[in-house]
Amino acid sequence: MADAKRLKSLEEENAKLKKVYRIYREERLTVRKRGGWKRALGTRAPIAVPQATNHRWSRILCVIDDFSRECLATVVDNSISGTRVARELDGIAERRGRYPLMVVSDNVL
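Note that numbering that gives the first Met the number 0 numbers the sequence shown so that position 5 is 4, with each residue one more than the last.
Have a look at this one:
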């Protein structure tokens with residue numbers, strides 16, 4: 000008896016789905032498609048070429064003066080926190096006598 004009720008319930012659900020699909024076709028409705036990835040508007044400004052030492056530093060796995068190509072620090076660790084990065088940059092600035100005008104990061108994991 001329970002199996003017959005379950006079978007009837009499944010048939011009713013199937014009939015409801017078929018009816019919904021039929022109405023969608025008749026009304027020429029479609030399920031809304033998701034949009035693709037959003038792309039940046041316009042073009043990005045090119046990175047300025049450094050004109051002197053301490054103009055711009057890059058932090059990839061090490062901190063480099065982009066003008067002189069001097070490696071200012073290399074930090075090797077499993078995880079480098081923002082506090083640790085700030086501490087390293089402060090130490091470099093203290094040794095060199097000033098902070099750079101710009102710090103560039105590629106933000107790669």
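Don't be surprised by glycine CBs; every beta carbon is placed ideally from N, CA and C. Note that the coordinates shown come from a computational prediction; the quantities given were computed from them, not determined experimentally.
Here's the rule: buried if 16 or more other CB atoms are within 10 angstroms of the residue's CB, otherwise exposed. What is residue i?
i          : result
residue 64 : buried
residue 99 : buried
residue 55 : buried
Straight-line CA distance for residue i to residue j?
i           : j          : result
residue 70  : residue 32 : 49 Å
residue 93  : residue 37 : 42 Å
residue 102 : residue 61 : 12 Å
residue 21  : residue 28 : 10 Å
residue 49  : residue 75 : 26 Å
residue 18  : residue 34 : 28 Å
residue 108 : residue 30 : At residue 108, the pLDDT of 47 sits below 50, so the modelled position is not reliable and the matter cannot be decided from this model.
residue 89  : residue 83 : 10 Å
residue 68  : residue 80 : 25 Å
So, under 8 Å CB-CB, residue i and residue j are touching, yes? Tell me the CB distance rounded to an integer number of Å.
i          : j          : result
residue 53 : residue 86 : Incorrect: roughly 19 Å between the Cβ atoms, too far for contact.
residue 51 : residue 66 : 6 Å
residue 46 : residue 72 : Between residue 72 and residue 46 the Cβ distance is about 21 Å, and since that is not below 8 Å, they are no contact.
Which residue or residues does DSSP assign as beta-bridge partners of residue i?
i          : result
residue 64 : 56 and 69
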